[in-house]
Every structure is written in C-alpha cells, then in structure tokens.
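Undergrad: Quick one: the structure is below, and I'll ask about it shortly.
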Ligand code: ADP
C-alpha cells in the first residue's frame, strides 16, 4: 500500500501544493524496505535484531541525507535514485540471505514456505530495480506487484498452517492438564490411605485411659494429621471438580444443627485470635431444608476460616437469612464480613482462581494453598447458586453467597447463635449408637486399615472378625454367619466387586442375605449408584468416624429387617 498510495487520486489533496506530489512518491519508496524488514524480524522471532536495527539506521540515514540534498536543491531525486535503489536492493538481498540462512542453515524449518515466497519476491524486486534503471520506459512496478502477490499467498498459507498447529498444541496442553489432574487425584488418594490409618490409630489412643503426656502427644498428632488431611482433601476435591466428578447430593438437613456446629467451630477460632464473632442468624429460617449439607458446610467454613485468617483485629460477622420463592423453594443467603486486610481492586479478578494467593507480602505468614475459594466457587456453581465479593483494601471484605434450597419444614428455627452454641445439639449430633451383639466381618488387604476398622468397631462393642483378601472371605462365609460384612473395594487379585459377585453365587454360603457395605478411600460422583448396582447395600468412605460407621451399619440392618 505504501507503494501505491502516492499514485492514488487522493495524493494531490494530501500533498498540496502540487509540487509535493513528486517528492512524496520518492520519499515513500525510500522507506519501503522498512515494513518488510520488520515482518522478517518478527517472523524470525528477533533472532537477528542487531542486523534489523542496523538496517533501520541505514535507511533512516539515507532518507535524511537524500531528502536534505533534494530540499537544499543540491541533487534531484532522479539523480539520487541509484543510491536509494542500491540501499533497497541491499536490504532485500540481506533479508533474503537472512531468512535462507535461518531456515536452511540454522534449521528453523517452520519458516520454509515464507523463505521460498520471500526469495521469489526479492528476486522480482531486484529485477524491477534493474529494469527501472536500464529501461527507458519502465513497467510501473509489475514485477514488484507479482512478487507481492506471491508473498501474500505464501504468508496467508503460512498463517493458516500456524493456526491449525496452534489448535493441535492447545489440545495437547488440555491432555497434559488432564494428566496433571489425574496425577493429583492419585497422589492425594495414596497419601490419604496412610493418613487415615494414622488418624484412626490416634483416635484409638485418645479413647484409651492414658497418661496426660501421651494424651497430649496424641492430641498433637490429631491436630497436625487433621490439617494434613484437610489439604489433601482440598486437592482431591479440586481434581474431582476438574474431572467433572464432584457429586452434589441433595438431602433433607436440619439447618439448626448445621449452623450450630459451624458456629461452635468458628467461635473457638475467633476467641483464640481475640476477634469479635457477630452472629446474625435470622430466627425465621426454616428448620428443615433440602440441599447438599456437606458442601454447604464446606463453603461456610471456608469463608469463615478465611475471614478469621485474614483479619488481624476487629470482627467477623456471619449473617444467614432466606427469601421464599414460592412452591416450597427459597434462596438461602449467607454473608461473611470481616474487618481484615481486604483485597486490592486489581486482585479481584484472580480471587477465585485455583492455587492463587493474593497480596503475598501480607499473607505469606498465613497458612493456605489458594484452593479454598476456587473449590467453594465451583461447589456453589454446581449447587446452582452464586458468590460475590466486595472489599475495601485495608478495611475488610464481605463475601455473599446465594444458594437455592427446598423447604420441607417451615417451622422457624428461633434464636440461634446469639448466646453460647447449644451443647446438647452438638452432643446429639456426635455421639454414635453402640453396636452391641452385632457380628461384623471386615475385609481389607491393608493391615493398618484393618486394625483401625477393628479398633473402631470394638469401641462400638461390635463382635469383630477380619481377613485380608476376597479369597479368604469366601472361605469364612461358608463357616460363620455375620450380620454385616464391610468389604474394601480396591484389593489386589480379587477386588471388592468381584468378591461380592462370587459370594452371592456361592452355594454353601451361610451369608446369602447378609448386607455388604463397600469401603472406599475415594468417594467419587456416582459412587453410591455404582455400589448399589453391584449388589452392595451401602458404602463408607475412609476415614470413617465412629458415628458414620454406626449409622451406616444400623441403617442397613434396619433396612434389611424392615424389608
Ligand atoms: P488460601 O488457602 O490461601 O486461604 P483461598 O482460595 O481460600 O486460599 O483464598 C485465596 C486468596 O484470597 C488468599 O490467599 C487471600 O489472599 C485472599 N483472601 C481470601 N479471603 C480473604 C479475606 N476474607 N480477606 C482478605 N483476603 C482474602
């Protein structure tokens, strides 16, 4: 276009008075090599930038000198034309040599097609220059136009090829990301298994009558182990979300119990830090709602823990209210407001990114992985709600969550959270029922896990037997009748599913109607359906608490007896 525009109809308008018209063409022609040099420089990824800078300098100097000669009436453009042509020709030759060298000697073959196109273009340009200087009637740039056309076709072909390569690379990157997620999931799963054993054993020590110092050590193991398990669970949750395997289980829950246990937990943390914990729980809140209690709890705890973590002094305010929407539905609004360090406006966009921790200078001393908010935001999205954050840097932040729920019991919960948390409610939630007289068989290949399960069952006064493989189990069930069998899913040789299948088809089994409960270290989406489909009555995910263990066993026995 630089070549053509001086000849265009508009040129006289731009370059009025008319005597500017002629010099304009020459001035532009002198600068013509510049865009080509820039293009080649970018194409070769600035590998020869020094030379490119030299070319720019030479062109600038010639431009200034020739213009000065023209405007001081020393030499006309026609007289200096051989010089400017020579410069243009040399630049063209240099660029030609550069791209050929880079492509064929240095081996950057990706530019081969451009190298060929550019060579043709340069040859045609040189032909044009020779033609211009030797012929009386020049052909008005036909050679250059042909060269440009070749270059254009080649450049477009090159770009199309590059775009398709980029797409292939993106797909590769997605696959690599997938591999990373799988790795994270496997890793955290592997780490979880031994931690479960450690925490289980520790639980057994804590329930023994031991000396105060042993008790203190055991408590320290418990708190460090629980913190480690939380991190691992976060990583696992995160990879589950990435793989689309996070399961949302909606069931009826008691909103009073949920809020009470959360308040109890956070109250301890705020007291430790000397913060004021303000609770604003609407007494109108319905007592029973349907939603994913476990994940709602996770979101609330994450927001409240963050508020405590990132608030050096002042208060944390926890507000919960609801808005009815008709046909038994409502929106639950949860707000967590603090008077902490706040979040910079410029950081807001990264707030919900995974592994992203903001304002490192201030938050370095605070423990965290940068996963909490990413997980919460994803869970809220899966529960079809939304989350917003407003913050003033240095003053504090407020996170507001909306979650659609279904009301099953409208009775208002009344005053909660203003005084001390209701201890009776917590006890009621935590104390497991005993399993006295119930005969349980535990099958697990991992000796530690087996010991933990046996220990927990003994605490519940159950009669426990155990074995280390599916094959052993198939022998045992021929000789003894059990009320319930806990069967590990992942075992070498014969896994839990296969073992159950064989047990069901066993002719001389004394346990034809005994319910089987699957044990798994990693409950993924669809786990319940998968186990039920394969003939299990239920599943328990490790680490299991005494309460979960007793509830699951009792509810399965109840179900069976009731049937
Ligand atoms: P972390 O494990 O680092 O706490 P989160 O995902 O929960 O990870 O939070 C991400 C980052 O957002 C934190 O590292 C912190 O910089 C910032 N942040 C979260 N909550 C608050 C808050 N209440 N006040 C100030 N900054 C916060």
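Numbering (this note's numbering), first residue to last: 71 to 633. Note that CB positions come from ideal geometry on N, CA and C, so glycine has one too.
#1: So does the segment 408-425 actually touch the segment 388-400, counting three or more Cβ pairs closer than 8 Å?
#2: Cα separation between residue 372 and residue 511?
#3: Check whether the Cβ of residue 236 sits closer than 7 Å to any heavy atom of the ligand ADP, and report yes or no.
#4: What residues in its chain sit with their C-beta under 7 Å from that of residue 484, if we drop five residues either side in the sequence?
#5: By the DSSP assignment, the alpha helix (DSSP H) with residue 282 in it spans what residues?
#6: Would you call the CB atoms of residue 413 and residue 461 closer than 8 Å?
#7: Cα separation between residue 527 and residue 421?
#8: Around the C-beta of residue 356, are 16 or more other C-beta atoms found within 10 angstroms, so that it is buried, or is it exposed?
#9: For residue 587, which beta-bridge partners are listed by DSSP?
#10: Any chance the segment 514-522 sits against the segment 356-370, with 3 or more Cβ pairs inside 8 Å?
#11: Taking 7 Å as the cut-off, is the C-beta of residue 60 nearer than that to any heavy atom in the ligand ADP?
#12: Taking C-beta to C-beta, are residue 566 and residue 576 nearer than 8 Å?
#13: What's the call for residue 628, buried or exposed, on a 16-neighbour Cβ count within 10 Å?
#14: Residue 474: which of 467, 274 and 452 sits nearest, CA to CA?
#15: Can you give me the Cβ contacts of residue 587 inside the same chain, cut-off strictly under 8 Å, excluding the 5 residues immediately before and after it?
#16: Taking only three categories from DSSP, how would you classify residue 550?
#17: Could you say which of 182, 261, 197 and 215 lies nearest to residue 224 if we only look at CA atoms?
#18: If you draw a straight line from the C-alpha of residue 175 to the C-alpha of residue 101, how long is it?
#19: Would the segment 334-354 and the segment 297-309 be scored as touching if the rule is three or more Cβ pairs under 8 Å?
#20: Residues in the same chain with beta-carbon distance under 8 Å from residue 186, minus the five sequence neighbours each way, listed in chain order, please.
#21: By Cβ distance, which residues of its chain are closer than 7 Å to residue 503, with the 5 residues on each side in sequence left out?
#22: With hydrogens ignored, establish whether the beta-carbon of residue 411 is closer than 7 Å to any heavy atom of the ligand ADP.
#23: Jot down the residue ranges of each uninterrupted alpha helix (DSSP H) in the segment 203-284, minimum 4 residues, whole runs only, in chain order.
#24: Answer yes or no: do residue 198 and residue 214 have a C-beta to C-beta separation smaller than 8 Å?
#25: Alpha carbon to alpha carbon, how far is residue 326 from residue 426? Give it in angstroms, no decimals.
#26: Under three-state DSSP, which class holds residue 395?
#27: Let me check you understand the geometry: is the CB of residue 405 closer than 7 Å to at least one non-hydrogen atom of the ligand ADP?
#28: Can we count residue 307 as close to the ligand FAD, meaning its CB is less than 7 Å from some heavy atom?
#29: Please identify the residue among 568, 229 and 531 whose C-alpha is closest to the C-alpha of residue 541.
#30: Across which residues does DSSP place residue 109 in a beta bridge pair?
#31: Quick one: Cα of residue 633 to Cα of residue 570, how far?
#32: Quick one: grab the DSSP three-state call for residue 155.
#33: Which of the three DSSP states, helix, strand or coil, is assigned to residue 320?
#34: If you draw a straight line from the C-alpha of residue 424 to the C-alpha of residue 617, how long is it?
#35: Count the other CB atoms, across all protein chains shown, that sit within 10 Å of the CB of residue 266; report buried if there are 16 or more and exposed otherwise.
#36: Using the Cβ count rule (16 or more neighbours within 10 Å means buried), how would you classify residue 330?
TA: A quick look at the data gives this:
#1: no
#2: 38 Å
#3: Result no, Cβ not under 7 Å from the ligand ADP.
#4: 353
#5: For residue 282, the enclosing alpha helix (DSSP H) covers residues 282-312.
#6: Yes, the Cβ-Cβ distance between residue 413 and residue 461 is below 8 Å.
#7: Whole-angstrom Cα-Cα distance: 44 Å.
#8: buried
#9: 556 and 608
#10: no
#11: Residue coverage of the chain in this structure runs from 71 to 633, which leaves residue 60 outside it and unanswerable.
#12: no
#13: exposed
#14: 452
#15: 554, 555, 556, 557, 606, 607, 608, 609, 610, 622, 623 and 626
#16: If DSSP states are grouped into helix, strand and coil, residue 550 belongs with coil.
#17: 182
#18: 30 Å
#19: The segment 334-354 vs the segment 297-309: no contact.
#20: Sequence-distant Cβ neighbours of residue 186 in its own chain, meaning closer than 8 Å and more than five residues away, are 224.
#21: 620 and 624
#22: yes
#23: Counting whole runs of 4 or more residues, the segment 203-284 contains the alpha helix (DSSP H) stretches 212-277.
#24: It is a contact, given that the beta carbons lie within the stated cut-off.
#25: A direct Cα-to-Cα measurement between residue 426 and residue 326 gives close to 34 Å.
#26: strand
#27: Not so, every heavy atom of the ligand ADP lies at least 7 Å from the Cβ.
#28: Looking at this structure, you won't find the ligand FAD anywhere; what it does contain is the ligand ADP.
#29: 568
#30: Answer is none; residue 109 lacks a bridge partner.
#31: For residue 633, the predicted structure reports a pLDDT of 40, less than 50, and the residue's modelled location is therefore unreliable. A value from the coordinates is still provided. Straight-line Cα distance between these residues: approximately 21 Å.
#32: Here residue 155 sits in helix by DSSP.
#33: Residue 320 falls in the coil class under three-state DSSP.
#34: 33 Å
#35: buried
#36: buried
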